[in-house]
Amino acid sequence: MNIHEYQAKQLFKSYGINVPNGQMATTKQEAVNIYTQLNVESVVVKAQAHTGGRGKAGGVKLVSSASAVEEASDQILGMTLVTKQTGAEGKLIEKVLVEETSQIEREIYLSLLVDRETANVVCVASKEGGTEIEELAEHSPEKIAKEYISIHTGIRSFHINALAKQLEIPKPLMKEFRSFCQNLYYLFITHDCSMVEINPLVITKDQHIIALDGKVGFDDNALYRHSEIQKLRDEKEEDPREAQAAQEGFSYVSLDGNIGCMVNGAGLAMGTMDMIKSFGGEPANFLDVGGSADAQKVASAFKLILSDESVKAVLVNIFGGIMKCDVIAEGLITAVKELNVSIPLVVRLEGTNVEIGKKILENSGLKIQAASTFAKAARQVVQLANQA
Amino acid sequence: MAILLDNNSKVLIQGITGKHGLFHAKGCAEYGTNIVGGVTPGKGGTFVEDFAVFDSVAEGKQKTGANVSCIFVPAPFCYDALIEAIDAEMELVICITEGVPVLDMVKVKNYLKGKKTKLIGPNCPGIISPGMGKVGIMPGYIHKQGNVGIISRSGTLTYEAVHQVGAAGFGQSTCIGIGGDPVRGLGFIECLELFNDDPDTDAIVLIGEIGGNDEEQAAQWIKKNCKKKVVSFFAGRTAPKGKRMGHAGAIISGKGGTAESKIEAMKEAGVPVADRASDIGKTLLEAMNG
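Have a look at this one:
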């Protein structure tokens, strides 16, 4: 789960990490009020959306008067922000962050994440802040420093000193840098973060360390123990079908194609998508109904797939283990009848009670195409989708 | 012989009084696995169906001589269950549970260093040595005893592979589902090492997916060390970047973790890669005849 920049900055602030003074606004009047309260000459008005590249897309404006703040917020609030990460449909902006500007001497990159290979927390840092870390990693990997922090020891002074050396933190700033690092690490561990990224972290002309931006992601598996973080969820940032699937206990990811997929198991689901593509088709979604799905779950997964209007044909690929093929077949038939499905449906069943499952489908009198093999099923559904 | 799980394995089920724990304890016992009892704190001294219940793993081990434990407890309690099993010095711990917080696994993984215990999972289907036993949730009957080892990050895709390997005329020595989480117990390389030293394994099927770079490292290890034939398949060629594809570990972040990178690494190591999920059996057959 991700949160907005203004939420991340509130979290930073509560951990003693410096952020620019500012507040979130949902109307231009609120934005002007914040500007007046801040009592500074210039402010930045920043669109709040879970995406990078907001500046380039026109979602960040630097302004220096009440009327300019009003105009900028008026432009940003209600705009559809299109960035590389949002895709063509973009994101509707309903919140802006109005905050004071900073006198920047230098921009740094710093992030914390879990390193899956070494099972440590890793701090990734670079003197060259402001640019995308992926770009930096590609062109100048030598400019990226990594400090691996054991969860048993937490962040120690030798980690911080090594980072400071790489980042060329001036001596008089060391005390502030040390507590910044400790506070950020503590925040990361305390809230089960999956990632905290500050880009840029700036050294100001008056020699302070300030988080000018903030991106925080949390481990979905650990949300149950962080009720205060759950409250920060912005459902509007989530794909409605993905959110619904999560509620019903299966995984769904929206894709751009026209072939709906329902599969049990994440690996097999990815393998099925790949297979559709290899025969020239385009999957409309990833959907893992889970290993222990019952007829009810199959029916609601089916409804979810069909709620996507671009779906022209559906492939069901189930390898029954614990999940029995006859139960799946019954669930499918119920769903097809109930939803009055008119688009082609190809079903491939294998595993426990497969023969009974196939019989049930055959005898249903419904227009369900049973495929004998995985490959045939994929080829068939691609053909049907292309004809539609 | 097989690896990790054989005729000497005596298994405790942690969470045996739960719905899933009991269901699968019965399934494993029916398959012929020696399930010696289960653990549910506070219910020690009772029986659930025919299984003796103990208050702790240590007690269960002391009274039954168990050397393997399988965890079905809900994710919020897995950390405790794992540490308990490691402290009881179980030789093999298999954690089936999905949804364990990653920082809990970071702690467990560090705690395991220097300990006797080998951990499989979490978020995995478990392990099966056909004809000897299964500890996990896979359908036992699709497997048959043979000389092919299977290592996989996925559940049903492994069943698919077993099915195809069987159709190609081969049985399995052991199949290990190492799990779909980013931080887990045994990785590909540890399992490859075990299969490499197992006289009854002649070939290995490795099934990976997007996320992390374990497969790339496994490819390098195979190139340097592996005496057995290895074939592979990787899921997620069409997965979009930055999206978690069901498994917590199946996410392409930044430049790393793509299927292409894994496929390239395997090909570079001389390991055949099945182009489609339906070609795993065929690819194995070609390698065996080649």
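Just so you know, the sequences run in chain order A and B.
Using the working numbering, read the first sequence as starting at 1 and increasing by one per residue.
Using the working numbering, read the second sequence as starting at 1001 and increasing by one per residue.
Glycine included, C-beta positions come from ideal geometry on N, C-alpha and C.
(1) Listed from N- to C-terminal order along the chain, which residues in the region 1120-1154 of chain B have their beta-carbon within a distance smaller than 9 angstroms of any beta-carbon of chain A?
(2) Determine the direct distance from the alpha carbon of Ser1154 of chain B to that of Asn1034 of chain B, and round the result to whole angstroms.
(3) At which residues does the alpha helix (DSSP H) containing Val380 of chain A begin and terminate?
(4) Taking C-beta pairs closer than 9 angstroms, name the residues in chain B that Leu184 of chain A reaches, listed in chain order.
(5) Taking any Cβ of chain B, which residues in the region 340-353 of chain A have a Cβ under 9 angstroms from it, in chain order?
(6) Given a limit of 8 angstroms on CB to CB distance, which residues of the region 206-240 of chain A reach chain B?
(7) Would a C-beta distance cut-off of 8 angstroms place Asp288 of chain A and Gly1257 of chain B closer than the cut-off?
(8) Would Tyr1159 of chain B count as contacting chain A if we go by Cβ distances under 8 angstroms?
(9) Cβ of Leu255 of chain A less than 8 angstroms from any chain B Cβ?
(10) Measure the beta-carbon distance from Leu1204 of chain B to Phe1195 of chain B and round it to whole angstroms, keeping in mind my assumption that it falls under 8 angstroms.
(11) For Ile210 of chain A, which residues does DSSP report across the bridge?
(12) My output table needs one value for Ala47 of chain A: the three-state DSSP class, helix, strand or coil.
(13) Looking only at its chain, what residues have a beta carbon closer than 8 angstroms to the beta carbon of Thr118 of chain A, apart from the 5 residues adjacent to it on each side?
(14) For the alpha helix (DSSP H) containing Arg241 of chain A, list its first residue and its last residue.
(15) How many whole angstroms separate the CB atoms of Lys146 of chain A and Glu128 of chain A, which I take to be in contact at a CB cut-off of 8 angstroms?
(16) Between the C-alpha atoms of Arg348 of chain A and Ala370 of chain A, what's the straight-line distance to the nearest angstrom?
(17) For Thr352 of chain A and Pro240 of chain A, what's the separation of their Cα atoms in angstroms?
(18) Taking a Cβ distance cut-off of 9 angstroms, strictly less, list which residues of the region 264-276 of chain A are near chain B, in chain order.
(19) Are there three or more Cβ pairs, one per stretch, closer than 8 angstroms when the region 1238-1252 of chain B is compared with the region 1179-1187 of chain B?
(20) Nearest-angstrom Cα distance between Cys181 of chain A and Val124 of chain A?
(21) Do Ala1269 of chain B and Gln1220 of chain B come within 8 angstroms of each other at the CB atom, strictly closer than that value?
(22) If I follow the unbroken alpha helix (DSSP H) through Lys303 of chain A, where does it start and stop?
(23) Hey, is the region 232-246 of chain A in contact with the region 1122-1138 of chain B, meaning 3+ C-beta pairs nearer than 8 angstroms?
(24) Compare the beta carbon distance of Val354 of chain A and Leu315 of chain A with 8 angstroms and say whether it is the shorter of the two.
(25) Which of the three DSSP states is assigned to Val1106 of chain B in this structure?
(26) Thinking Lys1107 of chain B and Ile151 of chain A are a contact (beta carbons under 8 angstroms), I'd like their distance in whole angstroms, please.
(27) Going along chain A in order, which residues have a C-beta closer than 8 angstroms to the C-beta of Lys1109 of chain B?
(28) Considering just the uninterrupted stretch of the beta strand (DSSP E) at Lys1118 of chain B, what are its terminal residues?
(29) Run through DSSP, which three-state label would Ala329 of chain A get?
(30) Would you call the region 1085-1097 of chain B in contact with the region 1069-1076 of chain B, where contact means no fewer than 3 C-beta pairs closer than 8 angstroms?
(31) What does a CB cutoff of less than 6 angstroms around Gly1149 of chain B pick up in its chain, not counting 5 residues either side in sequence?
(32) So Ile151 of chain A contacts chain B; which residues on that side make the cut at Cβ distance below 8 angstroms?
(33) Specify, as a first and last residue, the run of the alpha helix (DSSP H) that Ile259 of chain A falls within.
(34) How far does the alpha helix (DSSP H) with Arg178 of chain A in it extend, from its first residue to its last?
(35) Locate the alpha helix (DSSP H) running through Tyr1031 of chain B, then write down its first and last residues.
(36) Does any residue of chain A have a CB that is nearer than 8 angstroms to the CB of Ser1278 of chain B?
In short:
(1) Pro1125, Ile1137, Met1138, Pro1139, Tyr1141, Ile1142, Ser1152, Arg1153, Ser1154
(2) 25 angstroms
(3) Checking the sequence shown, residue 380 of chain A turns out to be Gln, not Val. Where Gln380 of chain A is concerned, the enclosing alpha helix (DSSP H) stretches over 374-387.
(4) Near Leu184 of chain A there are no residues of chain B at all, since even the closest Cβ is about 15 angstroms away, more than 9 angstroms.
(5) Glu350, Gly351, Thr352
(6) Asp219, Asp220, Asn221, Ala222, Tyr224, Arg225
(7) no
(8) yes
(9) yes
(10) Reading off the sequence, residue 1204 of chain B comes out as Ile, not Leu. Sure, about 5 angstroms apart at Cβ, within 8 angstroms.
(11) A:Val202
(12) strand
(13) Tyr148
(14) 240-248
(15) The pair is not a contact, with the Cβ atoms about 15 angstroms apart (cut-off 8 angstroms).
(16) 6 angstroms
(17) 34 angstroms
(18) Asn264, Gly265, Ala266, Gly267, Leu268, Ala269, Met270, Gly271, Thr272, Met273, Asp274, Met275, Ile276
(19) yes
(20) 12 angstroms
(21) yes
(22) 295-306
(23) no
(24) no
(25) helix
(26) 6 angstroms
(27) Ala119
(28) 1118-1120
(29) helix
(30) yes
(31) Ser1173, Thr1174, Phe1195, Thr1201, Ile1204
(32) Leu1103, Val1106, Lys1107, Asn1110
(33) Not the alpha helix (DSSP H): Ile259 of chain A falls in the beta strand (DSSP E), residues 259-263.
(34) 174-190
(35) 1019-1031
(36) yes
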